[in-house]
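This report concerns only the one structure given below.
Residue numbers (the working numbering): 1 to 247.
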């Protein structure tokens with residue numbers, strides 16, 4: 001009874017079923033989360049309550065069939081007109097000789113929304129192609145704080161340059177305070193991708209300490225022009241054929 005009272009107080013949804021998927025217990029949080037009636041679902045088959053659930057989302061069935069605990073974070077779930085993102089985990093146990101599975105369900109919808117907004121903001125900052133003139137653009141580099149930024153740089157920047165018809169790109173380095181070999185490899189991969197698309201790339205605004213780190217780590221960027229600032233890079237492009245037709 002004490003354990004049941006404790007489960008009733010939990011903020012996450014909890015449901016317990018036997019090996020035949022018959023519901024033996026649900027807590028109030030689960031009932032509220034899925035807009036159900038507790039007295040009507042205890043004794044029912046869990047799979048019958050969600051008959052249209054895709055096979056890959058039937059976590060209880062997998063847990064019982066594989067006889068192991070399962071943890072699934074980030075499940076998109078649509079129920080009664082509501083879109084949710086769920087974190088579901090199962091815990092198998094034996095009671096009085098019978099096997100049961102306890103399912104804990106956390107509603108992480110708001111957390112997922114905030115994470116998506118953060119990723120969108122990071123994407124906009126990381127792949128921020130600023131058009132200076134027709135065919136000429138600026139990429140202000142930002143410090144790499146999350147793994148997603150590496151993928152964004154490599155995957156999004158070349159695509160954006162193509163979409164914006166950029167054929168000359170100045171990568172602004174003034175926002176970077178330090179660089180290591182991994183950062184340098186990322187930069188090389190980006191420049192190779194851009195060059196393969198026929199885009200001329202120059203670097204501008206490197207801090208003295210970053211230049212020293214390039215030398216100390218024996219990082220070489222052969223054939224890449226560097227400039228003290230964006231003004232110098234722009235002057236170079238103007239002197240070598242850029243026609244500044246602003247749009």
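Ideal Cβ placement from N, Cα and C applies to all residues, glycine included.
All of these numbers come straight from a predicted model, not from anything done at the bench.
Could you spell out the range, first to last residue, of the beta strand (DSSP E) harbouring residue i?
i           : result
residue 140 : 136-140
residue 107 : 98-107
residue 226 : 225-227
Helix, strand or coil: which one does DSSP assign to residue i?
i           : result
residue 127 : coil
residue 77  : strand
residue 113 : helix
residue 48  : helix
residue 85  : strand
residue 203 : strand
residue 92  : strand
residue 234 : helix
residue 29  : helix
residue 133 : strand
residue 219 : coil
residue 16  : strand
If you measure between the beta carbons of residue i and residue j, is that distance less than 7 Å?
i           : j           : result
residue 141 : residue 129 : no
residue 23  : residue 41  : yes
residue 90  : residue 108 : no
residue 176 : residue 210 : yes
residue 173 : residue 125 : no
residue 127 : residue 157 : yes
residue 184 : residue 144 : no
residue 248 : residue 226 : What the structure shows of the chain is the stretch from 1 to 247, and residue 248 is not part of that stretch, so it cannot be assessed.
residue 27  : residue 8   : yes
residue 199 : residue 161 : yes
residue 21  : residue 46  : yes
Residue i lies in the alpha helix (DSSP H); which residues open and close that run?
i           : result
residue 22  : Neither: residue 22 is in no alpha helix (DSSP H) and is coded neither H nor E.
residue 172 : First-last for residue 172: 168-172, but that is the beta strand (DSSP E), not the alpha helix (DSSP H).
residue 151 : 147-163
residue 209 : 208-216
residue 67  : Segment: none, residue 67 is in no alpha helix (DSSP H) and carries neither H nor E.
residue 4   : 2-9
residue 197 : It is not in any alpha helix (DSSP H) - residue 197 carries neither H nor E in the DSSP assignment.
residue 57  : Neither: residue 57 is in no alpha helix (DSSP H) and is coded neither H nor E.
Relative to the alpha-carbon of residue i, which residue among the options has its alpha-carbon at the smallest distance?
i           : options               : result
residue 97  : 111, 62 and 18        : 18
residue 87  : 47, 93, 95 and 77     : 77
residue 63  : 31, 16, 82 and 32     : 16
residue 154 : 233, 191 and 228      : 191
residue 74  : 237, 110, 132 and 150 : 110
residue 163 : 112, 21, 136 and 147  : 136
residue 57  : 71, 44, 67 and 45     : 71
Give me the Cβ distance between residue i and residue j, rounded to the nearest whole Å; I'm assuming they're in contact under 8 Å.
i           : j           : result
residue 179 : residue 214 : 7 Å
residue 194 : residue 221 : That belief does not hold up - the Cβ atoms of residue 194 and residue 221 are roughly 13 Å apart, past 8 Å.
residue 80  : residue 38  : That belief does not hold up - the Cβ atoms of residue 80 and residue 38 are roughly 16 Å apart, past 8 Å.
residue 53  : residue 29  : Incorrect: roughly 20 Å between the Cβ atoms, too far for contact.
residue 93  : residue 12  : Incorrect: roughly 17 Å between the Cβ atoms, too far for contact.
residue 146 : residue 186 : The pair is not a contact, with the Cβ atoms about 13 Å apart (cut-off 8 Å).
residue 217 : residue 181 : 6 Å
residue 119 : residue 234 : About 32 Å; that fails the 8 Å criterion.
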